[in-house]
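Peer 1: Take a look at the following structure, please.
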Amino acid sequence: MQTALILVALAALILGLAVWRIHKQAKLYEVGFGRQLATTLSSKSFQLTLAGFVIFVGLWWVTVSLLKLPWFNRLPGPVEVVSEWLSPEPTFGISIYTKDYYTHIFYSTYRATAAFLLATLLGIPFGLLMGWNKKFYDYSLPLVELIRPIPPLAWVPLAILVLPGSEPAVIFVTFLVAFFVTTLNTLLGVESIDENYFRAAKCLGASNKDILFDVVVPGALPYVFTGLQISMGASWFSLVAGEMIAAQYGLGFLIWDSYSVIAYPVIFIGMATLGIIGWASSALVRVVGRRLMAWREAELSGSARVEV
Amino acid sequence: MSASNTAPVCRAADGALSVRDVTKIYDPEGVHVVALEHCSLEIAAGEFVAVVGPSGCGKSTLLNIMAGFDYVTHGEILLDGAPLATPDTRPRPGSDRVVVFQHGALFPWKTVLENVTYGPVVQKQLDQPAAEAKAREMLARVGLSNIEKSYPGQLSSGMQRRVEIIRALINDPKVLLLDEPFRAMDTVTKSASHEYLLELYNATGKTIFFITHDLEEAIFLADKVAVMTTRPGHIKLAISVDLPRPRNYRMLASQEFLRLKAQLVEAVHEEAVKAFQAGEREMA
């Protein structure tokens, strides 16, 4: 039963990786999906990717389960972790069949999303304003540069003192890092815009407001989306830190709690789940970015080039 | 290129530029740089004037002042008798004098059609459908019919520059300011671009102020070629080009063309030597 489940999980992983590859190449529209899948599965680079996974899990298995190295002797091996993860009746109470597992995922996702969206909604306008208005830039940049290096965990006591309850405090701490990343990347995006685009827009009769929406915003967009991807990742790692200290649910809490109650396989389940969700959320930001910047895609793909 | 090159030149009634004793001093952080000094030039309505001179002589400075990107320090520039740039007026770019930039400044995030319709739509001169109809008609005139939905990054440099000139002309400006628009092009693309530009000039009769360092290009295109001195720049001499219009490439080998070229080579060489020596003094 368990072996079958593990095999199914492995197959799902391989298939998932392959589909991701196909998606990245974005050729789904040209060739049939089945054929594309076959080519991807047999491609050299996909096999290398797969080999990377196998080597990683293999090393884990060799050091922990086979050799039982002294430093690692309290850790669970890959087989233990996966079978616990996929077990309908898990020994430590957490697997894909338990409601608790999804409650933790839900709380973490909710907090990370809330913090990310808040950071995006405030960070992009703030960054645009800094890049757009010299006075505002002079007011705010030194402050931002001073506050930004303060690690998120250092904000936890302050957040708990000021905000009602631990929930807003965790979200606030998560928000802070994401906000600075988004703001500074947006600012960089505005600064990267060639002066001639501003001049051309003015020649063509654009008002300041027109320039903001037709030059500043689209011109900064590539950097903004790079910033959002980083900010998404940053949200996850500061979230987990916050959850370890001030929460009753969430994957960060789950990992820390499992450590204190000696439920070691659950630590690994929590970590792996974070990896998957974090990666998926960054991928989502990337896909949205691509949709919004069709012009860059067109520019980068040589096939669409027209000659005189 | 196409048959309409034989159309007679119609000259616009307005767009006369008068550059009077213009001096421009850059003074960032106390370093006094005199870019232009006592620079004067008369450009009649509908005239095609090319300005040549050594690099860094202030050609682009003059263009930037005309465009409204920069202040003048002394002197004034008049457009159809009204002050355009004086030391007391705030520089203001406008759609009556549109610039086409050396490296191109089509918005890469807008399609060709969105770029071309940008001026009339943003100024609320035309609504979107009317602007698009006009843009399509003008693009077709320079052989760019099927690229409306392309992004600038997908076009060759020759096509990009043609689109940019159309984006300027659709606003019906009084003056077209061209800052070495064909500089980075290969010979074939360049000569094709010349023919398209002349065709558009013949059709619209706009005043054109054209900066270049290519003497043949200047003579082939312009009614008047002005030579600028090395920095501090002023107009050293202006030579009328009496080659008939419409022009064609055979004129490049005519006696008159060669005579003008010899005259210009002499004047420009003198300035180039001065610029070179000044550069060596600065290095020493």
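Chains A and B are the protein sequences, given in the same order.
FYI, in my numbering the residues of the first sequence are 109 to 416.
FYI, in my numbering the residues of the second sequence are 190 to 473.
In this text, a Cβ means the ideal position worked out from N, Cα and C, and glycines have one as well.
Can you give me the Cβ contacts of B:V289 inside the same chain, cut-off strictly under 8 Å, excluding the 5 residues immediately before and after it?
Peer 2: Residue mapping note: residue 289 of chain B aligns to position 100 of the second sequence, counting from 1. For B:V289, where only same-chain residues beyond five positions count, the Cβ hits under 8 Å are R350, E353, I354, A357, L365, L366, L367, D368 and P370.
Peer 1: Do A:I423 and A:G378 have their C-beta atoms within less than 7 Å of each other?
Peer 2: The structure shown has nothing for residue 423 of chain A, since chain A only spans 109 to 416.
Peer 1: Is there a Cβ of chain A sitting closer than 7 Å to that of B:V261, yes or no?
Peer 2: As a first step, residue 261 of chain B must be located in the second sequence, where it is residue number 72. Not an interface residue.
Peer 1: Do you know offhand how far A:I114's Cα is from A:M238's?
Peer 2: Residue numbering aside, residue 114 of chain A sits at position 6 when the first sequence is read from its first letter. Residue numbering aside, residue 238 of chain A sits at position 130 when the first sequence is read from its first letter. Spanning the two alpha carbons is a distance of roughly 52 Å.
Peer 1: Can you round the beta-carbon distance between A:G235 and A:L295 to whole angstroms, since I take them to be within the 8 Å contact cut?
Peer 2: Position 127 of the first sequence, counted from the first residue, corresponds to residue 235 of chain A. Position 187 of the first sequence, counted from the first residue, corresponds to residue 295 of chain A. About 4 Å separates the two Cβ atoms, so the contact holds.
Peer 1: Would A:P260 and A:V289 qualify as a contact pair, given that the criterion is a beta-carbon distance under 7 Å?
Peer 2: On the first sequence, position 152 is the one that residue 260 of chain A refers to. On the first sequence, position 181 is the one that residue 289 of chain A refers to. For A:P260 and A:V289, no; Cβs fall outside 7 Å.
Peer 1: Give the secondary structure of B:A202 by DSSP, where H, G and I count as helix, E and B as strand, and everything else as coil.
Peer 2: Locating residue 202 of chain B in the second sequence gives position 13, counting from the first residue. Of the three classes helix, strand and coil, the one that applies to B:A202 here is coil, per DSSP.
Peer 1: Which residue spans inside the stretch 279-362 of chain B form an unbroken beta strand (DSSP E) run of at least 3?
Peer 2: For the stretch 279-362 of chain B, whole beta strand (DSSP E) runs of length 3 or above, ordered along the chain, are 286-289.
Peer 1: Which bits of chain A does B:Q312 rub up against, with CB to CB less than 8 Å?
Peer 2: In the second sequence, residue 312 of chain B corresponds to position 123, counting from 1. The contacting residues are L312 and G313.
Peer 1: Excluding the 5 residues flanking A:Y367 on each side, which residues of the same chain have their C-beta closer than 8 Å to its C-beta?
Peer 2: Against the first sequence, residue 367 of chain A aligns to sequence position 259. Taken in chain order, the residues that qualify are I375.
Peer 1: List the endpoints of the continuous beta strand (DSSP E) containing B:A239.
Peer 2: Along the second sequence, one-based indexing puts residue 239 of chain B at 50. First-last of the beta strand (DSSP E) with B:A239: F237 to V241.
Peer 1: Anything in chain B within Cβ reach of A:Y305, meaning under 7 Å, just list it in chain order.
Peer 2: In the first sequence, the residue the question calls residue 305 of chain A occupies position 197. Per Cβ cutoff of 7 Å: A294 and F296.
Peer 1: For B:Q312, collect the residues of the same chain with a Cβ closer than 8 Å to its Cβ; drop the 5 residues on either side in sequence, then sort them by chain order.
Peer 2: On the second sequence, position 123 is the one that residue 312 of chain B refers to. Answer for B:Q312: S284 and N360, listed in chain order.
Peer 1: Look up A:T176 in the DSSP assignment and say whether it is helix, strand or coil.
Peer 2: Here residue 176 of chain A refers to the residue found at position 68 when the first sequence is read from its first residue. According to the sequence provided, residue 176 of chain A is Lys. The question's Thr does not apply to it. Reduced to three states, the DSSP call for A:K176 is coil.
Peer 1: Could you list which residues in chain A have their beta carbon closer than 8 Å to that of B:N360, in chain order?
Peer 2: Residue numbering aside, residue 360 of chain B sits at position 171 when the second sequence is read from its first letter. In chain order: L312 and G313.
Peer 1: Taking 7 Å as the cut-off, decide whether the C-beta atoms of A:R256 and B:F258 are in contact.
Peer 2: If you number the first sequence from 1, residue 256 of chain A lands on position 148. If you number the second sequence from 1, residue 258 of chain B lands on position 69. No, Cβ-Cβ distance for A:R256 and B:F258 is not below 7 Å.
Peer 1: Inspect the beta-carbon positions of B:A274 and B:T250 and report whether they are closer than 7 Å.
Peer 2: Here residue 274 of chain B refers to the residue found at position 85 of the second sequence. Here residue 250 of chain B refers to the residue found at position 61 of the second sequence. Against a cut-off of 7 Å, the Cβ pair of B:T250 and B:A274 comes out as no contact.
Peer 1: Give the straight-line distance between the Cα atoms of B:M156 and B:K299, rounded to the nearest whole angstrom.
Peer 2: Given that chain B is displayed from residue 190 to residue 473, the structure contains no residue 156 of chain B and the question cannot be resolved.
Peer 1: Check whether the Cβ atoms of A:V270 and A:A354 sit closer than 7 Å, and answer yes or no.
Peer 2: Position 162 of the first sequence, counted from the start, is the residue given in the question as residue 270 of chain A. Position 246 of the first sequence, counted from the start, is the residue given in the question as residue 354 of chain A. Against a cut-off of 7 Å, the Cβ pair of A:A354 and A:V270 comes out as no contact.
Peer 1: Taking C-beta pairs closer than 8 Å, name the residues in chain A that B:A256 reaches, listed in chain order.
Peer 2: For the purposes of this step, residue 256 of chain B is identified with residue 67 of the second sequence, where counting begins at 1. Those are R307 and C311, listed as they occur along chain A.
Peer 1: Verify the CB distance criterion: does A:W403 have a CB-CB separation below 7 Å to chain B?
Peer 2: As a first step, residue 403 of chain A is located in the first sequence; it is residue number 295 there, counting from the start. With 7 Å as the cut-off, A:W403 counts as an interface residue toward chain B.
Peer 1: Is there a C-beta anywhere in chain A that falls below 7 Å from the one on B:V211?
Peer 2: Along the second sequence, one-based indexing puts residue 211 of chain B at 22. By this cut-off, B:V211 is not an interface position.
Peer 1: Where does B:G270 sit, in a helix, a strand or coil, going by DSSP?
Peer 2: Locating residue 270 of chain B in the second sequence gives position 81, where the first residue counts as 1. Coil.
Peer 1: Can you look up B:V261 in the DSSP assignment and give me helix, strand or coil?
Peer 2: Walking along the second sequence from the start, residue 261 of chain B turns up at place 72. B:V261: coil per DSSP, three-state reduction.
Peer 1: Rounded to the nearest angstrom, what separates A:S187 and A:S151 at their Cα positions?
Peer 2: Walking along the first sequence from the start, residue 187 of chain A turns up at place 79. Walking along the first sequence from the start, residue 151 of chain A turns up at place 43. The question names Ser, but residue 187 of chain A in the sequence shown is Val. Their Cα atoms are separated by approximately 28 Å.
Peer 1: With distances taken from CA atoms, which of A:L121, A:L284, A:Y247 and A:A380 is nearest A:F154?
Peer 2: Within the first sequence, the letter at position 46 stands for residue 154 of chain A. The residue with the shortest Cα to Cα distance from A:F154 is A:L121.
Peer 1: Just checking: is the beta-carbon of A:A406 within a distance shorter than 7 Å of some beta-carbon in chain B?
Peer 2: In the first sequence, counting from the first residue as 1, residue 406 of chain A sits at position 298. Chain B contact via Cβ: present.
Peer 1: Could you give the distance in angstroms between the alpha-carbon of A:L145 and the alpha-carbon of A:W169?
Peer 2: Position 37 of the first sequence, counted from the first residue, corresponds to residue 145 of chain A. Position 61 of the first sequence, counted from the first residue, corresponds to residue 169 of chain A. One C-alpha to the other measures close to 30 Å.
Peer 1: Which residue or residues does DSSP assign as beta-bridge partners of A:V418?
Peer 2: Outside the displayed range of chain A (109 to 416) lies residue 418 of chain A, so it cannot be described from this structure.
Peer 1: Quick one: what does DSSP say A:L219 is sitting in, helix, strand or coil?
Peer 2: For the purposes of this step, residue 219 of chain A is taken as residue 111 along the first sequence, with counting starting at 1. Strictly speaking, residue 219 of chain A in this sequence is Arg, with Leu absent from that position. In the structure shown, A:R219 sits in a helix (DSSP, three-state: H, G or I).
Peer 1: Would you decide whether A:V395 is buried or exposed? Buried here means 16 or more other CB atoms lie within 10 Å of its CB.
Peer 2: Position 287 of the first sequence holds residue 395 of chain A. Its Cβ having fewer than 16 others within 10 Å, A:V395 is exposed.
Peer 1: By how many angstroms is the C-alpha of A:T221 removed from the C-alpha of A:S203?
Peer 2: Here residue 203 of chain A refers to the residue found at position 95 of the first sequence. Here residue 221 of chain A refers to the residue found at position 113 of the first sequence. Their Cα atoms are separated by approximately 23 Å.
Peer 1: Buried or exposed, going by whether 16 or more other CB atoms sit within 10 Å of the CB of B:A322?
Peer 2: Along the second sequence, one-based indexing puts residue 322 of chain B at 133. By the neighbour-count rule (16 or more Cβ atoms within 10 Å), B:A322 is not buried but exposed.
Peer 1: How far does the alpha helix (DSSP H) with B:V220 in it reach, from first residue to last?
Peer 2: On the second sequence, residue 220 of chain B is found 31 positions in, with the first residue counted as 1. That residue, B:V220, is in no alpha helix (DSSP H); it is neither H nor E in DSSP.
Peer 1: Pick out the complete beta strand (DSSP E) segments inside the stretch 376-414 of chain B, 3 residues or longer, and give them in chain order.
Peer 2: Runs found: 396-400.
Peer 1: According to the neighbour-count rule (16 or more other Cβ atoms, all chains shown, within 10 Å of its Cβ), is B:N253 buried or exposed?
Peer 2: Here residue 253 of chain B refers to the residue found at position 64 when the second sequence is read from its first residue. By the neighbour-count rule (16 or more Cβ atoms within 10 Å), B:N253 is buried.
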